[in-house]
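A short worksheet on the structure shown next.
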Amino acid sequence: MATSLLPKNIESLKAYSSAKSEKLTGNTWLNANESPFNKSIEISIDDLNRYPEPQPESVINAYSQYAQLSPTQVLMTRGADEGIELLMRTFCEPARDSIAIFTPTYGMYKVSADTQNIAINTLSQAQLKEAQSSELSALIGDAKLVFICNPNNPTGSLTPIDKIAALAKALENSALVVVDEAYIEFAPEQSAVSLLQDFDNVVVLRTLSKAFALAGLRTGFLLANDAVLNPVRKVIAPYPVSTAVAKIAEQALSVDAVTQMRRQVNILNSNKAKLKTWLSNSPKVTQVLCGEGNFVTLQLSDKALIEQAMKAGTIMRPFTLFGEDNWLRISIGSEQELEQVKLWLEQSE
39 MATSLLPKNI ESLKAYSSAK SEKLTGNTWL NANESPFNKS IEISIDDLNR YPEPQPESVI
99 NAYSQYAQLS PTQVLMTRGA DEGIELLMRT FCEPARDSIA IFTPTYGMYK VSADTQNIAI
159 NTLSQAQLKE AQSSELSALI GDAKLVFICN PNNPTGSLTP IDKIAALAKA LENSALVVVD
219 EAYIEFAPEQ SAVSLLQDFD NVVVLRTLSK AFALAGLRTG FLLANDAVLN PVRKVIAPYP
279 VSTAVAKIAE QALSVDAVTQ MRRQVNILNS NKAKLKTWLS NSPKVTQVLC GEGNFVTLQL
339 SDKALIEQAM KAGTIMRPFT LFGEDNWLRI SIGSEQELEQ VKLWLEQSE
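Just so you know, the sequence shown maps onto residues 39 to 387 in the working numbering.
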């Protein structure tokens, strides 16, 4: 009975396979771009019998200060994924409107669009890199939302700010340019936040899951001007952020915590440089993509090497890229965790 009630787009929907949904077993986890730095946090809550603030003022103020924006330009969400979904629900009409993405890229743009019966105009990262803004505008067509993951997951590539600005200008009256900055703390000088001064059609997605080491908290932010955020505020759930989450997020955004986060980013960048050297010197690796973020994506000479690593308990993220299924993304972990990758590379020879 229930299945007969399903809309066709849901019946045919292929759910996103997250790193944790695959139920793998191992002892070294480098498959979800999580931080190796765990946090010990103590909070005291004496009002759990009350509903939380819809948008916790202390967190909004703290994040706006961190992002150097006005509090009115910040909306707190349950991870950046909710931000993606909210933008589609707010600005796209099912079975009529479309979004544009540049593949390979983060998979949730497609999943959210498919779930809401929104068409997808799939362009390539090469087109994003090489085409002029006028050409891109023509290729994007009538898409209402244009998603640019920057740095891009899984390639780590960066789209220059001036290119994003030119595209926003070209699409000023037709589309929102949504810049997903989940990994921007690893390349902070490349943030598109400054474009909010000049463009009402630029939206920036942020998260505390990566550099802030709070993937388990599920906290993200939509950064935009009133023209975008006021309609989204009509759509978002009335109490999206729990009291406990708000208190932890506030702590994570303190001056001392942000300083600690930046130190940890420096450590991860150093670990990444070591890993890239090992990979570049391994005969089992045919290509290493140079990019930003807390991960490295590479191509192996033999897909069987992935299974070999997993059997040894080192869990990384396999990918099919550019039509080939021997690609792998490795999250940047601690020195001890990356030593397991080095051991795998040496044992594979």
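Idealized CB from N, CA, C, for every residue including glycine.
Since this is a predicted model, take the numbers as computed values, not measurements.
Around Ile222, the same chain offers Ser229 as residues with beta carbons nearer than 6 angstroms, after the five sequence neighbours per side are excluded. According to the DSSP assignment, Ala157 belongs to the beta strand (DSSP E) that extends over Ala157 to Ser162. At a cut-off of 4 residues, the continuous stretches assigned as alpha helix (DSSP H) that sit fully inside the region 275-325 are 281-290 and 293-318.
Leaving aside the five residues that flank Ser247 on each side, the residues in its chain whose CB is nearer than 6 angstroms to its CB run, in chain order, Ala253. Shown here for Ile202: same chain residues with a beta carbon closer than 8 angstroms to its own, the five before and five after excluded, namely Ile186, Asn188, Val215, Val217, Ala230, Leu233 and Val240 in chain order. Fully contained in the region 352-382 are the following beta strand (DSSP E) runs of length 3 or more, in chain order: 352-359 and 362-369. Between Leu161 and Phe140, the C-beta spacing is below 7 angstroms.
By the CB criterion at 7 angstroms, Ser175 and Leu209 fall inside the cutoff. Counting only runs that start and end inside the region 67-121, the alpha helix (DSSP H) elements of at least 4 residues fall at 95-105. Across the set Met299, Ala157 and Gln111, the C-alpha of Gln111 shows the shortest separation from the C-alpha of Leu267.
Note that the C-beta distance between Thr193 and Leu327 is below 7 angstroms. Here Pro276 is exposed, its C-beta having fewer than 16 other C-beta atoms within 10 Å. Listed in chain order, the non-local C-beta contacts of Leu317 below 7 angstroms within the same chain comprise Val323, Val326, Val334 and Leu336, local neighbours out to five positions each way being set aside. Beta-bridge annotation (DSSP): Ser136 is paired with Ala157.
In chain order, Gln154, Asn155 and Ile156 place their CB closer than 7 angstroms to the CB of Pro132, counting only its own chain and leaving out the 5 sequence neighbours on each side. Judged by DSSP secondary structure, Ile199 falls outside any beta strand (DSSP E) and instead within the alpha helix (DSSP H) spanning Ile199 to Ala208. Looking at the DSSP output, Thr128 bridges to nothing.
Look at Leu234 here: in three-state DSSP terms it is helix. At the C-beta level, Gly145 and Ile353 stay beyond 7 angstroms of one another. The DSSP-derived three-state label of Leu166 is helix.
Around the beta-carbon of Ile83, fewer than 16 other beta-carbon atoms lie within 10 Å, marking it exposed. Within the same chain, Ile81 and Ile83 come within 8 angstroms of Lys285 by CB-CB distance, once the 5 residues on both sides are set aside. Within the model, the alpha-carbon separation for Gln163 versus Pro142 is close to 7 angstroms. In this structure the region 92-106 touches the region 284-299; the number of beta carbon pairs closer than 8 angstroms is three or more. With at least 16 other beta carbons inside 10 angstroms of its own, Asn332 counts as buried. DSSP, reduced to helix, strand and coil, places Phe224 within a helical segment of the structure shown. In this structure Ser150 is not in contact with Lys182, their Cβ atoms being roughly 13 angstroms apart against a cut-off of 8 angstroms.
Spanning the alpha carbons of Pro356 and Ser369 requires a straight line of approximately 12 angstroms. Boundaries for Arg256: no beta strand (DSSP E) harbours it, and the DSSP string shows neither H nor E there. Sequence-distant Cβ neighbours of Pro74 in its own chain, meaning closer than 7 angstroms and more than five residues away, are Gly371, Ser372 and Glu375. The beta carbon of Lys77 sits closer than 8 angstroms to those of Ala251, Leu252 and Ala290, all from its chain and outside the five residues before and after it, given in chain order. If you compare the alpha carbons of Leu107, Lys349, Arg301 and Gln170 with that of Val242, the shortest gap goes to Leu107.
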